[in-house]
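Numbering (this note's numbering), first residue to last: 89 to 348.
What follows is the structure, encoded as structure tokens:
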């Protein structure tokens, strides 16, 4: 297998157009390749600046999970720290976890940040919402988001070890919008509401209506954490609003992303 290492978006597009298979840390692909055969050509984005960026409102798809630091919100850092072992986190990438894994531990954190993705296509770089990333597993160049006031994340393993761990995440943005997300099994549910006393009840009656009682308890814990640590300014809007400030973008509504 020849691994190609482009240094620009245009070079990466050329590699993909020529049939190179995109890889991140290949932590999940390796076993498949050993069983089914290795591709002739693969391509990694680890030398593409846009894919390795990490800072205010941006996280590159080629960033390794162990590299996430205080330049990104705490909710993303918690999510990354909960993935696998230290050896896995030193190899696995953000893009591979969100776009290439069925578990997608980082997805609930990305949802509550109201994040969107920049993906690499045959036509160039496109901005898409997380629902499209979940459905199509594109080549993820980077994640983008608005900075939250506060975020929280927890991952609870099955005591018997037989089920996929449950994840709950919550965040409040500067406009006073509460966003929550839950992963139960392989399905992820998410929604937004005003950061007031009735917000959680609204979510359980709507976007999160299919979440189990155990999942709801985790959501309440995360919401209590973010609201208890946040003092919203008087007069900020309390209704759920979507979209990037000052510019329209794709926005998926709350609801359940079906399991594969």
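Don't be surprised by glycine CBs; every beta carbon is placed ideally from N, CA and C.
Where residue i sits in the DSSP three-state scheme
{"i": "residue 282", "result": "strand"}
{"i": "residue 303", "result": "helix"}
{"i": "residue 291", "result": "helix"}
{"i": "residue 144", "result": "coil"}
{"i": "residue 277", "result": "strand"}
{"i": "residue 98", "result": "helix"}
{"i": "residue 212", "result": "strand"}
{"i": "residue 236", "result": "coil"}
{"i": "residue 253", "result": "coil"}
{"i": "residue 104", "result": "helix"}
{"i": "residue 271", "result": "strand"}
{"i": "residue 195", "result": "helix"}
{"i": "residue 110", "result": "strand"}
Buried or exposed (CB count within 10 angstroms, at least 16 for buried), residue i
{"i": "residue 70", "result": "Lying outside 89 to 348, the shown extent of the chain, residue 70 is not represented and no answer is given."}
{"i": "residue 269", "result": "buried"}
{"i": "residue 277", "result": "buried"}
{"i": "residue 302", "result": "exposed"}
{"i": "residue 90", "result": "exposed"}
{"i": "residue 294", "result": "exposed"}
{"i": "residue 157", "result": "exposed"}
{"i": "residue 60", "result": "Here the chain comprises residues numbered 89 to 348, so residue 60 is not present and cannot be evaluated."}
{"i": "residue 259", "result": "buried"}
{"i": "residue 206", "result": "buried"}
{"i": "residue 279", "result": "buried"}
{"i": "residue 257", "result": "buried"}
{"i": "residue 196", "result": "buried"}
{"i": "residue 272", "result": "buried"}
Spatial distance of residue i from residue j (CA atoms)
{"i": "residue 315", "j": "residue 109", "result": "43 Å"}
{"i": "residue 208", "j": "residue 192", "result": "19 Å"}
{"i": "residue 218", "j": "residue 123", "result": "31 Å"}
{"i": "residue 198", "j": "residue 143", "result": "15 Å"}
{"i": "residue 213", "j": "residue 226", "result": "11 Å"}
{"i": "residue 299", "j": "residue 265", "result": "21 Å"}
{"i": "residue 246", "j": "residue 111", "result": "30 Å"}
{"i": "residue 188", "j": "residue 221", "result": "9 Å"}
{"i": "residue 170", "j": "residue 200", "result": "17 Å"}
{"i": "residue 194", "j": "residue 107", "result": "28 Å"}
{"i": "residue 250", "j": "residue 244", "result": "13 Å"}
{"i": "residue 313", "j": "residue 216", "result": "30 Å"}
{"i": "residue 163", "j": "residue 255", "result": "12 Å"}
{"i": "residue 263", "j": "residue 307", "result": "21 Å"}
Neighbourhood of residue i by C-beta distance below 6 Å, restricted to the same chain and skipping five residues each side
{"i": "residue 203", "result": "231 and 233"}
{"i": "residue 161", "result": "236 and 239"}
{"i": "residue 386", "result": "Since the first residue shown for the chain is 89 and the last is 348, residue 386 is missing from the structure and cannot be characterised."}
{"i": "residue 261", "result": "234 and 236"}
{"i": "residue 103", "result": "92, 94 and 131"}
{"i": "residue 311", "result": "258 and 288"}
{"i": "residue 319", "result": "Its pLDDT being 49, under 50, residue 319 is placed unreliably in this model, and the value from its coordinates should be taken loosely. Cβ within range, chain order: n/a, list empty."}
{"i": "residue 165", "result": "156"}
Presumed contact (8 Å Cβ cut-off) between residue i and residue j, rounded CB distance
{"i": "residue 180", "j": "residue 241", "result": "Between residue 241 and residue 180 the Cβ distance is about 17 Å, and since that is not below 8 Å, they are no contact."}
{"i": "residue 105", "j": "residue 133", "result": "Contact flag wrong, Cβ pair sits at about 15 Å."}
{"i": "residue 290", "j": "residue 281", "result": "5 Å"}
{"i": "residue 97", "j": "residue 136", "result": "6 Å"}
Same chain, Cβ closer than 7 Å to residue i, five either side skipped, listed in chain order
{"i": "residue 341", "result": "Note that residue 341 scores 39 on pLDDT, short of 50, meaning its location in the model is unreliable and no value can be drawn from it."}
{"i": "residue 140", "result": "134, 148, 150 and 151"}
{"i": "residue 228", "result": "149, 183, 186, 187, 205, 207 and 221"}
Same chain, Cβ closer than 8 Å to residue i, neighbours up to 5 away in sequence not counted
{"i": "residue 174", "result": "154"}
Any non-hydrogen atom of the ligand SAM within 7 Å of residue i CB
{"i": "residue 208", "result": "The ligand SAM is not part of this structure, which contains no ligands at all."}
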